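Visitor: In this note's numbering, the protein residues as written are 8 to 341. Don't be surprised by glycine CBs; every beta carbon is placed ideally from N, CA and C. None of the values given here were measured: they were computed from a predicted structure. For reference, the structure I am asking about is given below.
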């Protein structure tokens, strides 16, 4: 986690400046850090830092972060997520993004993890909170810090699932130096999609009406694929963040779809407890952070583990993708 914290500390001013782009965006940055409940960690559970558009103040926020403490593997993920949802005055008209950086799972995920279940661990249910994020159109980007996160059974599945619930993305990050690029690229991508919301909705509605009048039957997957194809042919381009060597395909997160359908953590745990465990418990601690990016782009930023491998990230305009249409339609309820 320490290397991700340092990356955020070194780059926060650049992140805010780049996210402002052409100067037309009102970028606000907020931060939540979390550790764990006592007796696992007696320092603090969460700390929150209000939205600011000042790069200087944002730098002071992230300079308070340090990876420390921790008893069992899981951390106060639920509390960090809840504070990101409830503490900040999210603007109704803003593009709202929470970047959730993690190298350890939440408490109560399954019996296959070393879990002290300290008092208060279940005060907030993260499966309930991500649904509320969806309702408020807060987009969740889960960033899994490898190799630490992958050492816990079902941890990747869970973080991917909660991102999918909000129409966000899960990225498996192996190089802490890429964190600023992921934050900047994610903000640009989601802002581009929001700017083209009317066009995306119009295309989806048009395809459904066309299918109805012609007696055709399309699956949602086929509709979104056809919508992306037609918009691409019309020249619509959106920023797309591409992470090379993602390392986490569907075969490595086979339970994410089923988890995303669960309404509570108890449902998640009951389902996963019936499955065979994947690897061993994690060996690293976890910290948490967010910002509010507004175009208002309301954003929320983070921190994580220390492992470097060959990996690259790029964000550039390309023809709108089926994956983007699918994510956007999910969170808009199209």
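(1) I need the boundaries of the beta strand (DSSP E) containing residue 215, first residue and last residue.
(2) Check each candidate in 47, 26, 88, 41 and name the one with the smallest Cα separation from residue 60.
(3) Is the beta carbon of residue 282 less than 9 Å from the beta carbon of residue 161?
(4) Give the secondary structure of residue 322 by DSSP, where H, G and I count as helix, E and B as strand, and everything else as coil.
(5) Using a Cβ-Cβ cut-off of 7 Å (strictly less than) and excluding sequence neighbours within five positions of residue 66, which residues of its own chain qualify?
(6) Where do the ends of the alpha helix (DSSP H) carrying residue 230 lie?
(7) Let me know the secondary structure DSSP gives residue 265 once reduced to three states.
(8) What does the alpha-carbon distance come out to for the pair residue 215 and residue 234?
(9) Would you call residue 261 buried or exposed, if buried means 16 or more other Cβ atoms sit within 10 Å of its Cβ?
(10) Using beta-carbon positions only, say whether residue 332 and residue 201 come within less than 9 Å of one another.
(11) Name the DSSP bridge partner or partners of residue 109?
(12) Would you kindly report the start and end of the unbroken beta strand (DSSP E) that includes residue 54?
(13) When burial is assigned at 16 or more other CB atoms within 10 Å of the CB, is residue 228 buried or exposed?
(14) Identify whether residue 173 lies in helix, strand or coil by the three-state DSSP scheme.
(15) Since I believe residue 192 is in contact with residue 246 (beta carbons under 8 Å), could you give me their beta-carbon distance rounded to a whole number of angstroms?
(16) Identify, in the order they occur along the chain, each residue of the same chain with its Cβ nearer than 6 Å to the Cβ of residue 275, setting aside the five sequence neighbours on each side.
(17) So, are the CB atoms of residue 1 and residue 170 less than 9 Å apart?
(18) With a Cβ-Cβ cutoff of 9 Å, do residue 190 and residue 145 count as a contact?
(19) From 33, 14, 99, 116, pick the residue whose C-alpha is nearest to that of residue 69; which is it?
(20) Please report how far the alpha carbon of residue 188 lies from the alpha carbon of residue 196, in whole angstroms.
(21) Can you tell me whether residue 277 is buried or exposed, with buried defined as 16 or more other CB within 10 angstroms of its CB?
(22) Quick one: is residue 131 buried, meaning 16 or more other Cβ sit within 10 Å of its Cβ, or exposed?
(23) Let me confirm a value: residue 158 is counted as buried when at least 16 other C-beta atoms fall within 10 Å, else exposed. Which label applies?
(24) Along the chain, where does the beta strand (DSSP E) that runs through residue 40 open and close?
(25) Distance, Cα to Cα, residue 177 vs residue 166?
(26) Quick one: what's got a C-beta closer than 7 Å to residue 272's C-beta in the same chain, skipping five residues either side?
(27) Please classify residue 280: is it buried, with 16 or more other beta-carbons within 10 angstroms of its beta-carbon, or exposed?
(28) Classify residue 155: buried if its beta carbon has 16 or more other beta carbons within 10 angstroms, exposed otherwise.
(29) In the structure shown, what three-state DSSP assignment does residue 192 receive?
(30) What are the partner residues of residue 130, as DSSP defines its beta bridges?
(31) Given this structure, state the Cα-to-Cα distance separating residue 7 from residue 238, to the nearest angstrom.
(32) How is residue 245 classed by DSSP in three states: helix, strand or coil?
(33) Relative to the C-alpha of residue 121, which residue among 72, 92, 91, 47 is closest?
(34) Given a cut-off of 9 Å, decide if residue 143 and residue 92 are closer than it, judged by their beta-carbon atoms.
(35) Could you tell me the distance, in whole angstroms, from the CA atom of residue 123 to the CA atom of residue 112?
(36) Pull the bridge partners of residue 179 from the DSSP assignment, please.
Guide: On the basis of the data shown:
(1) Membership of residue 215 in any beta strand (DSSP E) is not indicated; the residue belongs instead to the alpha helix (DSSP H) covering 204-221.
(2) Comparing Cα positions, the closest option is 26.
(3) Taking 9 Å as the Cβ cut-off, residue 282 and residue 161 qualify as a contacting pair.
(4) In the displayed model, residue 322 falls within a strand according to three-state DSSP.
(5) Within the same chain, residue 66 has close Cβ partners 19, 20.
(6) Its alpha helix (DSSP H) spans residues 227-240.
(7) Residue state, collapsed to three classes: helix.
(8) Roughly 10 Å between the two C-alpha positions.
(9) By the 10 Å Cβ count, residue 261 comes out exposed.
(10) No, Cβ-Cβ distance for residue 332 and residue 201 is not below 9 Å.
(11) Paired residues: 151.
(12) Counting along the chain, the beta strand (DSSP E) containing residue 54 begins and ends at 53-59.
(13) Exposed, because fewer than 16 other Cβ atoms sit within 10 Å of the Cβ of residue 228.
(14) Coil at residue 173, not helix or strand.
(15) Contact flag correct, Cβ pair sits at about 7 Å.
(16) Excluding five sequence positions before and after residue 275, the CB atoms of its chain that fall closer than 6 Å to its own CB belong to 266, 269, given in chain order.
(17) This structure leaves residue 1 out entirely; the chain is present only between 8 and 341.
(18) For residue 190 and residue 145, no; Cβs fall outside 9 Å.
(19) Nearest C-alpha to residue 69: 14.
(20) Note on geometry: alpha-carbon atoms of residue 188 and residue 196 lie some 12 Å from one another.
(21) Flag for residue 277 reads exposed.
(22) With 16 or more other Cβ atoms within 10 Å, it is buried.
(23) By the neighbour-count rule (16 or more Cβ atoms within 10 Å), residue 158 is buried.
(24) 34-41 is the extent of the beta strand (DSSP E) around residue 40.
(25) Going by the C-alpha atoms only, they are around 7 Å apart.
(26) In chain order, 115, 132, 133, 134 place their CB closer than 7 Å to the CB of residue 272, counting only its own chain and leaving out the 5 sequence neighbours on each side.
(27) Exposed: under 16 other Cβ atoms inside 10 Å.
(28) Buried: at least 16 other Cβ atoms inside 10 Å.
(29) Correct three-state label for residue 192: helix.
(30) None; residue 130 has no bridge partner.
(31) Residue coverage of the chain in this structure runs from 8 to 341, which leaves residue 7 outside it and unanswerable.
(32) Note: residue 245 maps to strand in three-state DSSP.
(33) Comparing Cα-Cα distances from residue 121 to each of 72, 92, 91, 47, the minimum goes to 47.
(34) Yes.
(35) Taking the Cα positions, residue 123 is about 13 Å away from residue 112.
(36) Answer is 151.
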